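Q: Residue numbers (the numbering used here), protein chains in the order written: chain A, 2 to 254; chain B, 2 to 254. No residue lacks a Cβ here, since even glycine has one placed at the ideal position from N, Cα and C. These figures come from a predicted structure and were not determined experimentally. Mind looking over this structure? Questions follow.
2 protein chains.
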Amino acid sequence: MDVGVEVNAGVDNSSPTPCTHDFQVNCSNCRLSAICLPFSLEATEIDELDRIVQRSKPLQKGQHLYRESDDFQSVYAVRAGTIKAYRTTDDGREQVTGFYFPGEILGMDGISNNSHASSAKALETASVCEIPFSSLEKLSAVMPHLQRHFFQLMSREITEDQQLITLLSKSSADERVAALLLSVSTRNARRQLSATQFRLSMSRVDIGNYLGLTVETVSRVFSRLQKLKVLDVENKEIQILDIEALRKVADAR
Amino acid sequence: MDVGVEVNAGVDNSSPTPCTHDFQVNCSNCRLSAICLPFSLEATEIDELDRIVQRSKPLQKGQHLYRESDDFQSVYAVRAGTIKAYRTTDDGREQVTGFYFPGEILGMDGISNNSHASSAKALETASVCEIPFSSLEKLSAVMPHLQRHFFQLMSREITEDQQLITLLSKSSADERVAALLLSVSTRNARRQLSATQFRLSMSRVDIGNYLGLTVETVSRVFSRLQKLKVLDVENKEIQILDIEALRKVADAR
DNA sequence: CGCTGAGTTGATAATGTTCAAATTTAGTGG
DNA sequence: CCACTAAATTTGAACATTATCAACTCAGCG
Numbered sequence: 002m003d004v005g006v007e008v009n010a011g012v013d014n015s016s017p018t019p020c021t022h023d024f025q026v027n028c029s030n031c032r033l034s035a036i037c038l039p040f041s042l043e044a045t046e047i048d049e050l051d052r053i054v055q056r057s058k059p060l061q062k063g064q065h066l067y068r069e070s071d072d073f074q075s076v077y078a079v080r081a082g083t084i085k086a087y088r089t090t091d092d093g094r095e096q097v098t099g100f101y102f103p104g105e106i107l108g109m110d111g112i113s114n115n116s117h118a119s120s121a122k123a124l125e126t127a128s129v130c131e132i133p134f135s136s137l138e139k140l141s142a143v144m145p146h147l148q149r150h151f152f153q154l155m156s157r158e159i160t161e162d163q164q165l166i167t168l169l170s171k172s173s174a175d176e177r178v179a180a181l182l183l184s185v186s187t188r189n190a191r192r193q194l195s196a197t198q199f200r201l202s203m204s205r206v207d208i209g210n211y212l213g214l215t216v217e218t219v220s221r222v223f224s225r226l227q228k229l230k231v232l233d234v235e236n237k238e239i240q241i242l243d244i245e246a247l248r249k250v251a252d253a254r
Numbered sequence: 002m003d004v005g006v007e008v009n010a011g012v013d014n015s016s017p018t019p020c021t022h023d024f025q026v027n028c029s030n031c032r033l034s035a036i037c038l039p040f041s042l043e044a045t046e047i048d049e050l051d052r053i054v055q056r057s058k059p060l061q062k063g064q065h066l067y068r069e070s071d072d073f074q075s076v077y078a079v080r081a082g083t084i085k086a087y088r089t090t091d092d093g094r095e096q097v098t099g100f101y102f103p104g105e106i107l108g109m110d111g112i113s114n115n116s117h118a119s120s121a122k123a124l125e126t127a128s129v130c131e132i133p134f135s136s137l138e139k140l141s142a143v144m145p146h147l148q149r150h151f152f153q154l155m156s157r158e159i160t161e162d163q164q165l166i167t168l169l170s171k172s173s174a175d176e177r178v179a180a181l182l183l184s185v186s187t188r189n190a191r192r193q194l195s196a197t198q199f200r201l202s203m204s205r206v207d208i209g210n211y212l213g214l215t216v217e218t219v220s221r222v223f224s225r226l227q228k229l230k231v232l233d234v235e236n237k238e239i240q241i242l243d244i245e246a247l248r249k250v251a252d253a254r
């Protein structure tokens, strides 16, 4: 019963999915459970977790899950599609703080102030599981595995932010783009998808706003890597032709 | 009974403190408790927390608290001095991920992998409280306030990393340096220290490695801000002459 | 089939890096 | 306390990378 899960993960997601309104999905039968919040929980625990998870209807492309400074109530697990988290700077520019794929959790930056520190918007039709934080807290207190795992998820968010910090601080445009592509590749593989061929759900502008580069620079890097036969780029469709070369580009110097 | 707390916070910390080995400090009488881990806990809860906290002898300047890939056992609260957290890139360069002042918690990036994702080193004589994570987890399960507060601390770490990401991605050298100075200023004020006059415990190289700039650029920014009468810079001793102007520099554009 | 927004490409400019050297500060041993 | 040395900081000049501005191309869509 994987209907509704990763509906948009394939190569062809140009048309909105029929949306079967299959909300029967639960954590036990979700094939993302191994990489999502239920990871490391036992069957009975998963059922308990399942009781607090809320599944709502899909988000349309461009729709917001929450906005900066909204009251914080829940964290979210992506079930299908891609969510972009971003902040808007004083002068109106956008800093993308992360792209979230199925099985990944977002919204944890809202805990500290009880208000979201970033906005979250669907880059394509997407569905998410909402996990009310107060329920999660209560459940964590009685489920050590869950508490541990959630601490780990937050910690991972920290280490990933630190990686991005390092990338922005020390790497050239080529290195940044290569690192992003490798990250997408790795995360695809975790979900049993191709590590070498995929469709980027984000625009070049989004990539630039994530990597601290202008669209033009991002575009030039793609062209360059294409010319070097490291990638085959056809609009958003990416094929990694030489992953070793891409790794070399990613940590040149 | 504040002996041993913030011993090095004053203007003159040129000679190592006598180190009275006063480890009698506990959370209840620590004047940092209002901004540190005990925040929001009740007296009896603070006593319980106190029982798991380990206080050891001070770190000398340059000494490591932990190193990247060390086994993760504990998080640490800074009691006195400054701790620099940093990662070393493949090519040997250093990315500073944070400076930690008294009352601040570090080491949370180690939770996700059970090994530290960064190294931590004392920038001056420093002392820390060690909080074994497994004890903290157990205590959190029975003290909702503590669990909540620790989630919030981790979340704050995330939002602060996101701010740094934005700074690195969107800001000029002047803006970055100004933002750092304002951050130091604010955090000093939180500890009842001067918001306008302080000694920077970190070197220009450290600042550069934090802000993604070379030493030369950092130095030039200091000179420029000095010439503009925004700062008075005398080596590590900084006086903010015009904090409004500094704020304008920090969010120019 | 033309329109619109996304993406690409080129030329020029700006910001910060790199390399080199001078200068100041901090530490060490007599 | 002073002389000496190493380390940190500052300053200058040339260079490199990426941003900016502008024009063009392409894909998708009514």
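So, do the stretch 158-171 of chain A and the stretch 76-84 of chain B have three or more beta carbon pairs nearer to each other than 8 Å?
A: Contact fails: fewer than three Cβ-Cβ distances are below 8 Å.
Q: Rounded to whole angstroms, what is the Cα-Cα separation between H22(A) and D110(A)?
A: By 1-based counting over the first sequence, the position of residue 22(A) is 21. By 1-based counting over the first sequence, the position of residue 110(A) is 109. Low local confidence applies: a pLDDT of 48 at H22(A) is under 50, so the model's placement there is unreliable, with the coordinate-based value given in what follows. Answer to the nearest angstrom: the Cα atoms are 30 Å apart.
Q: What did DSSP end up calling E161(B) once you bin it into helix, strand or coil?
A: Along the second sequence, one-based indexing puts residue 161(B) at 160. Helix, per DSSP.
Q: Count the other C-beta atoms from every protein chain shown that fall within 10 angstroms of the C-beta of V219(B), then say buried if there are 16 or more, exposed otherwise.
A: If you number the second sequence from 1, residue 219(B) lands on position 218. V219(B) should be labelled buried.
Q: Taking the alpha helix (DSSP H) that K139(A) belongs to, which residues open and close that run?
A: Counting from 1 along the first sequence, the entry for residue 139(A) is found at position 138. Residues 134-143.
Q: Ordered along the chain, which non-local residues of its own chain (more than five positions away) have a Cβ less than 8 Å from that of L247(A)?
A: Reading the first sequence from its first residue, position 246 is the one you call residue 247(A). Cβ within range, chain order: A179, L182, L183, L226, V231, L232, I241.
Q: Tell me which residues share the same chain as E131(B) and place their Cβ nearer than 6 Å to its Cβ, disregarding the 5 neighbours each side in the sequence.
A: For the purposes of this step, residue 131(B) is taken as the residue at position 130 of the second sequence. Correct list, in chain order: Q55, S75, Y77.
Q: Measure the C-alpha to C-alpha separation of E43(A) and G99(B) and round it to an integer number of angstroms.
A: Within the first sequence, residue 43(A) is the residue found at index 42, counting from 1. Within the second sequence, residue 99(B) is the residue found at index 98, counting from 1. Each residue's Cα considered, the two are about 37 Å apart.
Q: Whose C-alpha, out of R192(A), L50(A), A142(A), G108(A), is nearest the C-alpha of Y67(A)?
A: Taking the first sequence and counting its residues from 1, one reaches residue 67(A) at position 66. Here the closest residue by C-alpha is G108(A).
Q: Quick check on D71(B) - is its C-beta less than 9 Å from some C-beta in chain A?
A: Along the second sequence, one-based indexing puts residue 71(B) at 70. No - not a single Cβ of chain A is within 9 Å of the one on D71(B).
Q: Compare the C-beta of A196(A) against all C-beta atoms of chain B and say whether one is closer than 9 Å.
A: Your numbering for residue 196(A) matches position 195 in the first sequence. No, A196(A) lies away from the interface with chain B (no Cβ there is under 9 Å from its Cβ).
Q: Could you check if E235(B) is buried or exposed, using at least 16 other CB atoms within 10 Å of its CB as the buried criterion?
A: As a first step, residue 235(B) must be located in the second sequence, where it is residue number 234. E235(B) comes out exposed.
Q: Mind checking T126(A): buried by the 16 CB within 10 Å criterion, or exposed?
A: The count along the first sequence starts at 1 and reaches residue 126(A) at position 125. T126(A) comes out buried.
Q: Count the other C-beta atoms from every protein chain shown that fall within 10 angstroms of the C-beta of S173(B), then say buried if there are 16 or more, exposed otherwise.
A: Numbered from 1 along the second sequence, position 172 holds the residue referred to as residue 173(B). Answer is exposed; the Cβ neighbour count stays below 16.
Q: Starting from the C-beta of D243(B), find all residues in its chain whose C-beta is less than 7 Å away, skip the five residues before and the five after it, and write them out in chain order.
A: For the purposes of this step, residue 243(B) is taken as the residue at position 242 of the second sequence. Answer for D243(B): K230, V231, listed in chain order.
Q: Round the Cβ separation of F73(A) and I106(A) to the nearest angstrom and send it over; I've been treating them as touching at under 8 Å.
A: Taking the first residue of the first sequence as position 1, residue 73(A) is located at position 72. Taking the first residue of the first sequence as position 1, residue 106(A) is located at position 105. Not really, about 14 Å apart at Cβ, beyond 8 Å.
Q: Report, in whole angstroms, the separation of the C-beta atoms of E69(B) and A118(B), which I expect to be a contact under 8 Å.
A: Along the second sequence, read from residue 1 onward, the residue named residue 69(B) stands at position 68. Along the second sequence, read from residue 1 onward, the residue named residue 118(B) stands at position 117. Right, their Cβ atoms sit about 7 Å apart.
Q: For P103(A), which of T160(A), V97(A), T89(A), L38(A) has the nearest alpha-carbon?
A: The residue you call residue 103(A) lines up with position 102 of the first sequence. For the residues T160(A), V97(A), T89(A), L38(A), the minimum Cα distance to P103(A) belongs to L38(A).
Q: I'd like to know if the stretch 134-141 of chain A and the stretch 131-140 of chain B are in contact, where contact means that at least 3 CB-CB pairs between them fall below 8 Å.
A: No, because fewer than three Cβ pairs between the stretch 134-141 of chain A and the stretch 131-140 of chain B fall closer than 8 Å, the two stretches do not touch.
Q: Identify the contact partners of R149(B) in chain A, using a Cβ-Cβ distance below 8 Å as the criterion.
A: As a working mapping, residue 149(B) is identified with position 148 in the second sequence. The answer, in chain order, is E138.
Q: Between the alpha carbons of Y101(A) and R149(B), how many angstroms are there, rounded?
A: Working through the first sequence from its first residue, we reach residue 101(A) at position 100. Working through the second sequence from its first residue, we reach residue 149(B) at position 148. One C-alpha to the other measures close to 25 Å.
Q: Measuring only the C-alpha atoms, how far is E46(B) from F152(B)?
A: Position 45 of the second sequence, counted from the first residue, corresponds to residue 46(B). Position 151 of the second sequence, counted from the first residue, corresponds to residue 152(B). Whole-angstrom Cα-Cα distance: 17 Å.
Q: Take P59(B) as the anchor and find which of D71(B), R88(B), V129(B) has the nearest alpha-carbon.
A: In the second sequence, the residue the question calls residue 59(B) occupies position 58. The option with the nearest alpha carbon to P59(B) is V129(B).
Q: Listed from N- to C-terminal order along the chain, which residues in the stretch 164-177 of chain A have their beta-carbon within a distance smaller than 8 Å of any beta-carbon of chain B?
A: Here the close residues are L165, I166, T167, L169, S170, K171.
Q: Between which two residues does the alpha helix (DSSP H) holding E245(B) run?
A: In the second sequence, residue 245(B) corresponds to position 244, counting from 1. 244-251 is the extent of the alpha helix (DSSP H) around E245(B).
Q: Determine the DSSP secondary structure at K122(B), reduced to helix, strand or coil.
A: Stepping through the second sequence from its first residue, residue 122(B) is reached at position 121. K122(B) falls in the strand class under three-state DSSP.
Q: DSSP beta-bridge partners for I106(B)?
A: Here residue 106(B) refers to the residue found at position 105 when the second sequence is read from its first residue. I106(B) pairs with A78(B).
Q: DSSP beta-bridge partners for G99(B)?
A: Along the second sequence, one-based indexing puts residue 99(B) at 98. DSSP output for G99(B) lists A86(B) as bridge partner(s).
Q: For D207(B), is the classification buried or exposed, using 16 other Cβ atoms within 10 angstroms of its Cβ as the cut-off for buried?
A: Counted from its first residue, the second sequence places residue 207(B) at position 206. Classification for D207(B): buried.
Q: Under 9 Å between the Cβ atoms of D252(A) and D252(B)?
A: The sequence position of residue 252(A) within the first sequence is 251, counting from 1. The sequence position of residue 252(B) within the second sequence is 251, counting from 1. Going by C-beta atoms, D252(A) is not nearer than 9 Å to D252(B).
Q: Let's see if you can read the secondary structure: which residues bound the beta strand (DSSP E) around Q198(B)?
A: Numbered from its first residue, the second sequence carries residue 198(B) at position 197. Its beta strand (DSSP E) spans residues 198-200.
Q: Check for me: the beta strand (DSSP E) holding L278(B) runs from which residue to which?
A: An answer regarding residue 278(B) cannot be provided, because it is not within the stretch 2 to 254 covered by chain B.
Q: Using beta carbons (cut-off 9 Å, strictly below), is P133(B) in contact with chain A?
A: For the purposes of this step, residue 133(B) is taken as residue 132 along the second sequence, with counting starting at 1. Judged by the 9 Å Cβ criterion, P133(B) is not in contact with chain A.
Q: Any C-beta of chain B sitting closer than 9 Å to the C-beta of Q74(A)?
A: Your numbering for residue 74(A) matches position 73 in the first sequence. Not one chain B Cβ lies under 9 Å of Q74(A).
Q: With C-beta atoms as the reference, is K171(B) less than 9 Å away from G63(A)?
A: The residue given as residue 171(B) occupies position 170 in the second sequence. The residue given as residue 63(A) occupies position 62 in the first sequence. Taking 9 Å as the Cβ cut-off, K171(B) and G63(A) do not qualify as a contacting pair.
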